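Undergrad: Can you read through this structure? Questions will come right after.
Protein chains in written order, with our numbering: chain E, 3 to 242; chain A, 1426 to 1990.
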C-alpha cells in the first residue's frame, strides 16, 4: 500500500517539481505512472524511496511514514532506480550479497531467490563477473534481482523496462503480475503506453508536477471515444 | 564559443563544483581557504623557496654565473619527476577512462582537438599543487640570485618574464611525456587494451618509479653538503645529468631565470614542440586505441560447487557489509589505490631519505639512545611525533575526507538503503581506521622494536596512534559531509578536485601545533612530569575521538540528509 498525500516538492526553492500531489496504490494493485519528460515522475519515485524529502505532505509505504519511520518504510520497498550503474567494481554476486546483508535477508533465502531470478533473467553465468563488464540490460536485470531479493511488499520501479531484452521484459512483467496477485503493490513509471495499457490496473498521468488523471485506461478510452491511447495522452498532456 | 574551448570546459567539468555545491560551501570555503593558504600553501612555498634560496646563494658565492641556477634546476627536476609519477594515472584517467568519452567520440571532432582539450584540462588539474612548488622555487631563486650577485649578472627583465611563463607552463613537458608514452603504449601493446589492467599497471608503475628513484639517489653513504654543492657547481651529479637530458625544459627555464633570452625562447619552443608531438601522436593513434579499449577483464567463472555458493552467500551485519563493499571498491579502483593506499607506502620512503641524509651528522642516533634510556624530554618528543604523524597522515591519505565524495553518482544509494546513515558513516570510518591505523601500527611497532625501545612505550604509542587516527578520521568524514563533491567523471577527479583533504590537513596541523606547543610548554616550565603530559595527550585523543564521533552522528548525518541530487 502506498499513500501519497498533498505532497509538494521544490528544488533549490525555485523549481516546483510537484504541487500538492495525491494518489494511492492499494494492496494487490499494479499502477503505472505516466508523464512527459520533466513532469515529476522521477521526483515522485525518489520521494517514495526516501531519496528526497518533501516540502509538504505525507508519504506512507506499507503503513510506515517515510519521513517518521524511514528505515521501516525503506525495508518494505523493492526499489529500482532509473540508473543501473551502481557499484560497478563489485561482482554481480557480491552486489547481491551486499543487498542481502543490507536488507537482512537470510542466506538460504537470498540464494534461493538469486538462483531462481538469475535463471529467469539468464544472468546466472555472469554473476561472478564485475558489474563493469555488464551491458546496460544486464545491469538492469541485476538491479531487478537485487530489488526483489528481500521479498518486499511494495515495488517501486523507475522505468524498469529500459534496456531489457524482450524475454527479460516479459519476465519482469510476469513477476509484477505475480506480485500483485499475492496482494502486494507495484508502482512503476513508464513512457511506453502499450506496456501501461496491457499491464496496469490503473494509471496516474502527471504533467509539470500536477496530476492530470488517475484511473483505468479503459475508463479514459471510454471518455474519449474514437481516439487511440496515444492521441488521448498527447491531448491530455498538451502535446497536441 | 570556440569548439576547442568548449571541449576544455566539458572535459574539465568534473573539477568544477555545481552551483548548489558552490552555494553550500561559500562561507566554509572562504574560511578554510584562508587556513589552507596559511598552514599548507605558504609553508610549502617557504620551505621550497628557502631550499632554492640557500643553494642559489651558496652557488652565487662559490661558483660561476653558469652554475648559479643549478639549485633551481635540481628543485624543478624533482617537481617534474613527481609530475610524471603522478601524471600517468591522471592522463590515463582523463584520456581513456572518463565517462565524457562516450559522448565525445561519436561527435565529428578530430582526435587532435579532443586530446588538445583533455591535455589542457589535465594540466589545469595538475597545476594547483605544482604551481605552488614552482612558485616557491622561482621565488627562492630570485631572492637568492638578486640583482647584483657575487658571480656577476643578476636578475633582469627576461628573468621576470621567464618566471611568469615558467609558472604557467611548467607542467606542459612532464604531462606531454605522460601523454605521449600513454598513447604509444596503448597503441602498440595488445596486453594493455583493458581498462582495469591498464589502470592497475599505471598505479603500480607510479609507486615503483618512486621507489626506484629513491634507490637511484644512492645515498647509502650519507649526505655531505659540501660535496653536494661542489658536485652541483661542476654539474657532476649523475641523476641530475640524466634529468637534464630528459626534462630539457628545466635547464632552459633555469638559464632563462638567470637572464638568458635565448634560453627563454628555446624553453617556449620546447613546450610548443612537446604539445605538437602529442597532438601529432593523438591524430594518428588516439581513436584506434580508445575504441579498442575494453571496459574490463573477461568474464569470470560462474560459481559451480556447493562450497562456492556457501562462500558467496555468507551473511554479514549491515556495518560489515558496507565495510566490505567499501574496501572492495577501494582496492579495485586504481585511482584510489594510488592516492589513498599509495600514500601509506610513500611516506616511509621520505623517512628513509631523512635517515640517510642525516647519517653523517647522526642527529637521530643520539635521540634514539636517549629514548632507549627513557630521557623525559626525548620521550615527550617521540610522543608528539607519534601523535602528529598519526593525525596528519590520516588526513593526507584522504580516505576519510573523500568518504562521501567517493559515492559520486551512487550517493542516492546511501539514502534509499534501509541502513542508518551513521552505520554507513561508521563503515566508511572503519575503512580509514583500518587502512591508516594498520599502516601506522605496523611502522611504529617495527621501527621502535628494531630500535630497541621499551615495549611499554610501544604499546602506549600504538594506543595513541589508533586514537589519533580515529578522531582524525571522524573529523575528515564530517568535513566531507558538509559539502561532498558528488559530480565527477572519473575517480581521479573525485580526489583531485576535492579540497577537503587540504581542509582536514589544515585543521590537523593547527591541532598538532597547539598540542605540541602546550606539551613542550608544560614540560619546559616544569609544571608537569612527562608521564602526566603523555596521559593528557592520550586522554585528549580519546575525548576528541568521542567528540568528533558525536559530531558526525548529529551534524554529519543531518548534512547528508539535507543533500539532494
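Even glycine gets a Cβ: it sits at the ideal position worked out from N, Cα and C. Model, not experiment: these values are computed from the prediction.
1) If you follow the beta strand (DSSP E) that residue 216(E) is in, where does it begin and where does it stop?
2) Measuring CA to CA, which of 1673(A), 1704(A), 1984(A), 1882(A) is closest to residue 1609(A)?
3) Which residues in chain A sit within 7 Å of residue 100(E), going by Cβ to Cβ distance?
4) Please name the residue, chosen from 1887(A), 1845(A), 1944(A), 1978(A), that lies closest to residue 1899(A) on a Cα-to-Cα basis.
5) When the Cα atoms are used, what is the spatial distance from residue 1949(A) to residue 1813(A)?
6) Can you pull out the residues from the region 1849-1861 of chain A whose beta carbon lies closer than 7 Å to at least one beta carbon of chain E?
7) Just curious, the beta strand (DSSP E) that residue 1991(A) is in, first and last residue?
8) Taking its Cβ as the centre, do 16 or more other Cβ atoms sit within 10 Å of residue 1831(A), making it buried, or is it exposed?
9) Counting only the same chain and skipping the five closest in sequence on each side, list residues whose C-beta sits under 7 Å from that of residue 1528(A).
10) Using DSSP with H/G/I as helix, E/B as strand and the rest coil, what is residue 132(E)?
11) Residue 77(E) versus chain A: which residues are under 8 Å apart at the beta carbon?
12) Do residue 1838(A) and residue 194(E) have their CB atoms nearer than 8 Å?
13) The alpha helix (DSSP H) with residue 233(E) in it runs from where to where?
14) Going along the chain, which residues of its own chain have a beta-carbon closer than 6 Å to the beta-carbon of residue 1993(A), five neighbours each way excluded?
15) Here's the rule I'm using: 16 or more other beta-carbon atoms within 10 Å means buried, otherwise exposed. How should residue 1777(A) be labelled?
16) Rank 49(E), 176(E), 52(E) by C-alpha distance to the C-alpha of residue 122(E) and give the top, closest one.
17) Can you list, in chain order, the residues of its chain whose CB lies under 8 Å from that of residue 55(E), leaving out five sequence neighbours each side?
18) Check each candidate in 1964(A), 1715(A), 1588(A), 1874(A) and name the one with the smallest Cα separation from residue 1536(A).
19) Taking CB distances under 8 Å as the criterion, tell me whether residue 113(E) reaches chain A.
20) So, does the region 1459-1470 of chain A touch the region 1931-1945 of chain A, judging by three or more C-beta pairs under 8 Å?
21) Taking DSSP as the reference, what is the three-state secondary structure of residue 223(E)?
22) Which bits of chain E does residue 1988(A) rub up against, with CB to CB less than 7 Å?
23) With a threshold of 8 Å between beta-carbons, can residue 1944(A) be considered close to chain E, or not?
24) Under 8 Å between C-beta atoms, does residue 91(E) make it to chain A?
25) Using beta-carbon positions only, say whether residue 1973(A) and residue 1855(A) come within less than 8 Å of one another.
26) From residue 1655(A) to residue 1867(A), what distance separates their C-alpha atoms?
27) Establish whether the CB of residue 1754(A) and some CB of chain E are separated by less than 8 Å.
28) Considering only DSSP beta bridges, list what residue 157(E) is partnered with.
29) How should residue 1853(A) be labelled, buried or exposed, when 16 other C-beta atoms within 10 angstroms of its C-beta is the threshold for buried?
30) Give me the Cα-Cα distance between residue 96(E) and residue 1746(A), rounded to the nearest whole angstrom.
31) Measure the alpha-carbon distance for residue 233(E) versus residue 141(E) and round it to whole angstroms.
32) Looking at the unbroken beta strand (DSSP E) that takes in residue 1832(A), where does it start and where does it end?
TA: Looking at the coordinates:
1) Residue range 212-217 is occupied by the beta strand (DSSP E) that includes residue 216(E).
2) Ranking 1673(A), 1704(A), 1984(A), 1882(A) by CA distance to the CA of residue 1609(A) puts 1704(A) first.
3) In chain order: 1746, 1750.
4) Checked all of 1887(A), 1845(A), 1944(A), 1978(A); the closest Cα to residue 1899(A) is 1978(A).
5) Within the model, the alpha-carbon separation for residue 1949(A) versus residue 1813(A) is close to 19 Å.
6) Here the close residues number zero.
7) No statement about residue 1991(A) is possible, as the shown extent of chain A runs from 1426 to 1990 and does not include it.
8) That one is buried.
9) Correct list: empty, nothing qualifies.
10) If DSSP states are grouped into helix, strand and coil, residue 132(E) belongs with the strands.
11) Annotation: Cβ neighbours of residue 77(E) in chain A (cutoff 8 Å, chain order): 1843.
12) No, Cβ-Cβ distance for residue 1838(A) and residue 194(E) is not below 8 Å.
13) Counting along the chain, the unbroken alpha helix (DSSP H) around residue 233(E) starts and ends at 231-238.
14) Nothing can be reported for residue 1993(A), as the shown portion of chain A is limited to 1426 through 1990.
15) By the neighbour-count rule (16 or more Cβ atoms within 10 Å), residue 1777(A) is not buried but exposed.
16) For residue 122(E), the closest C-alpha among the options 49(E), 176(E), 52(E) is that of 176(E).
17) Taken in chain order, the residues that qualify are 49, 69.
18) The option with the nearest alpha carbon to residue 1536(A) is 1715(A).
19) Closer than 8 Å: yes.
20) Taking one beta carbon from each stretch, the region 1459-1470 of chain A and the region 1931-1945 of chain A have 3 or more pairs nearer than 8 Å; the two touch.
21) Reduced to three states, the DSSP call for residue 223(E) is helix.
22) In chain order: nothing, as chain E lies at least about 10 Å away.
23) Chain E places no beta carbon closer than 8 Å to that of residue 1944(A), leaving this residue out of the contacts.
24) So yes, residue 91(E) belongs to the interface.
25) Not closer than 8 Å, so no.
26) For residue 1655(A) and residue 1867(A), the gap between their C-alpha atoms comes out near 40 Å.
27) So, interface residue.
28) Residue 157(E) pairs with 80(E), 188(E).
29) Around the CB of residue 1853(A), 16 or more other CB atoms lie within 10 Å, so the residue is classed as buried.
30) Cα to Cα, residue 96(E) sits roughly 10 Å from residue 1746(A).
31) Whole-angstrom Cα-Cα distance: 34 Å.
32) For residue 1832(A), there is no enclosing beta strand (DSSP E), as DSSP marks it with neither H nor E.
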